[in-house]
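Numbering (the working numbering), first residue to last: 1284 to 1826.
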């Protein structure tokens, strides 16, 4: 038996439970089936007991209310009243010892006070959390206000940027419309600039020509005033009717008589110089005369400055100009200015400045491709030859054709001015070279196309190269062939004089270039630059 005393703090009532006796089978019931049933029942009872023990251990422990003195002590401790706590404990235990208070009188703290205490603690915790939340909300509000201000600032800035963008778009459209009107104005200004540049170049040419004439006149006046019988060397011989017979040299006299005899023989009449002088004078009233004697080439002084030829590595390409739509067939350098004239297969010749490549003048007068061009020694006129069997002389300052010479019956391959400026030579595919002085003289001697013609500077010698594989030197005064050079196996494409006039360079269709000694009439050097044709050859200033 187990006895519960009255001093127990809980109010439960316990009863005596007798212990069960051991379950035993009767002796007469002992068989196999009974034994199995008994074992099964014992197993079930053991499982039930184990389950009851687990349930009893999982039973929740009830919270025992707090004692009154502990409640006050905890209250004073929580408020930090240590001296009051000491006084309370001294007096409390003193009264208990005296028997004033019994355990029944003291009792336990009612549950409502404990609940109030818990609620107060929870209330304090909630207030603390509330303060924390208020602080966090304040910070969040400040951050929100800051972000709102920044948002307003960025929105205002965005509106300003959009306004500026719209204003710039309007300005760009206005500028585009404004600049669109500049294109025709710039085109007009470009045309005016080209016109003024052309006029400036032509004015410069006229000025140089006028300065040369004034210089010659001043020198003549000085000689006349000084009384000295020194004649100014003039390259141009002038017209026969304007020349004084007292100044006629023996060579000119012999040439004049030979020409008169040639004319009279052609008319099948006897020659009498006195009788037919009047007739001869009427026949050629304005014929130009070749210079009396061969002048000294003034360009030899410039050639002395270039005694050493440049090496191949010192040559380099500086500019490439596209001035024609078709192939460029010829070009000529101005004798005094940095001007170049080019002729092309497009029937045009163009004058342009060098080295900037500005077009000065463009003229079209030929109806077929151009093959040759050459400047007048004074630089004021230009002669061109073309495939239409004509030679045209142009006035450079005005860009118009002064004279068209017709006499060849086939394509004119080349043309060249005499140093005096009164004669012009042309080479044609009709096997002829013509010396033009109002269509008077024609040189005949080649058996095939005459490809090039060139005057020896300040002389009366004409050089022609032909497709008959020969090169000829002519006396322009008598129309007689002086030398004939043979050595190429193919058609001669070009031939030119050295500055000193003692050497000739030539090239042919097979790409062979030769140097010829005029005095010995033999080739001194032969270079094969083929297999393609060599179209032109020229000497360096050093020779």
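Yeah, the Cβ is synthetic: ideal placement off N, Cα and C, and Gly gets one too.
Report the residue from the options whose alpha carbon sits nearest the alpha carbon of residue i.
i: residue 1645; options: 1635, 1651, 1654 and 1639; result: 1635
i: residue 1708; options: 1739, 1679 and 1684; result: 1739
i: residue 1611; options: 1621, 1627 and 1659; result: 1627
i: residue 1769; options: 1759, 1318 and 1753; result: 1753
i: residue 1758; options: 1750, 1773 and 1737; result: 1737
i: residue 1622; options: 1481, 1683, 1463 and 1650; result: 1481
i: residue 1780; options: 1822, 1811, 1816 and 1795; result: 1822
i: residue 1772; options: 1698, 1763, 1352 and 1750; result: 1750
i: residue 1792; options: 1785, 1806 and 1811; result: 1811
i: residue 1362; options: 1391, 1333, 1382 and 1400; result: 1400
i: residue 1818; options: 1795, 1690 and 1824; result: 1795
i: residue 1676; options: 1658, 1416 and 1691; result: 1658
i: residue 1741; options: 1702, 1415 and 1711; result: 1702
i: residue 1650; options: 1607, 1815, 1671 and 1641; result: 1671
i: residue 1799; options: 1613, 1756 and 1499; result: 1756
i: residue 1606; options: 1460, 1656, 1640 and 1504; result: 1640
i: residue 1632; options: 1655, 1765, 1495 and 1474; result: 1655
i: residue 1712; options: 1797, 1747, 1321 and 1760; result: 1747
i: residue 1617; options: 1477, 1700, 1609 and 1356; result: 1700
i: residue 1629; options: 1608, 1643 and 1620; result: 1608
i: residue 1710; options: 1666, 1443, 1809 and 1328; result: 1666
i: residue 1614; options: 1601, 1637 and 1600; result: 1637
i: residue 1474; options: 1816, 1365 and 1643; result: 1643
i: residue 1620; options: 1604, 1490 and 1497; result: 1490
i: residue 1681; options: 1418, 1316, 1421 and 1478; result: 1478
May I ask which residues mark the beginning and end of the beta strand (DSSP E) holding residue i?
i: residue 1634; result: 1631-1636
i: residue 1653; result: 1653-1658
i: residue 1664; result: 1664-1669
i: residue 1789; result: 1786-1791
i: residue 1768; result: 1763-1769
i: residue 1626; result: 1622-1627
i: residue 1680; result: Looking at the DSSP string, residue 1680 is not in any beta strand (DSSP E), and its letter there is neither H nor E.
i: residue 1384; result: Counting along the chain, residue 1384 falls outside any beta strand (DSSP E), and DSSP gives it neither H nor E.
i: residue 1810; result: 1805-1811
i: residue 1615; result: 1611-1616
i: residue 1777; result: 1775-1780
Could you round the C-beta distance between residue i and residue j to whole angstroms and report it? I think they count as a contact, below 8 Å.
i: residue 1653; j: residue 1673; result: The Cβ separation is near 11 Å, so there is no contact.
i: residue 1695; j: residue 1668; result: 4 Å
i: residue 1775; j: residue 1789; result: 6 Å
i: residue 1679; j: residue 1469; result: Rounded, the Cβ-Cβ distance is 29 Å, inconsistent with contact.
i: residue 1734; j: residue 1693; result: Between residue 1693 and residue 1734 the Cβ distance is about 12 Å, and since that is not below 8 Å, they are no contact.
i: residue 1397; j: residue 1349; result: 6 Å
i: residue 1389; j: residue 1351; result: 5 Å
i: residue 1684; j: residue 1648; result: 5 Å
i: residue 1371; j: residue 1354; result: Incorrect: roughly 11 Å between the Cβ atoms, too far for contact.
i: residue 1715; j: residue 1743; result: Rounded, the Cβ-Cβ distance is 19 Å, inconsistent with contact.
i: residue 1257; j: residue 1663; result: In the structure as shown, the chain begins at 1284 and stops at 1826. Residue 1257 is therefore absent and cannot be evaluated.
i: residue 1804; j: residue 1766; result: 6 Å
Taking the alpha helix (DSSP H) that residue i falls in, what are its first and last residues?
i: residue 1647; result: Residue 1647 -> not in any alpha helix (DSSP H); beta strand (DSSP E) instead, spanning 1642-1647.
i: residue 1796; result: Premise fails: residue 1796 lies in the beta strand (DSSP E), 1795-1800, not in any alpha helix (DSSP H).
i: residue 1357; result: 1351-1362
i: residue 1604; result: No alpha helix (DSSP H) holds residue 1604; DSSP gives it neither H nor E.
i: residue 1372; result: 1365-1381
Of all the CB atoms in chain D, is at least one closer than 9 Å to the CB of residue i?
i: residue 1462; result: Checking the listed chains, one finds no chain D in this structure; it contains a single protein chain.
Exercise for the section: Please list the segments of the alpha helix (DSSP H) lying wholly inside the region 1682-1753, counting only runs of 4 or more residues, in order along the chain. Expected result: none
Practice task
Kindly confirm or deny that the region 1373-1381 and the region 1399-1412 touch, where touching means at least three C-beta pairs closer than 8 Å.
Solution key: no
Exercise for the section: Counting only runs of 3+ residues fully inside the region 1406-1436, write out the beta strand (DSSP E) ranges in chain order. Expected result: none
Handout entry: 4-residue-minimum alpha helix (DSSP H) runs that sit fully inside the region 1437-1513, ordered along the chain
Key = 1465-1509
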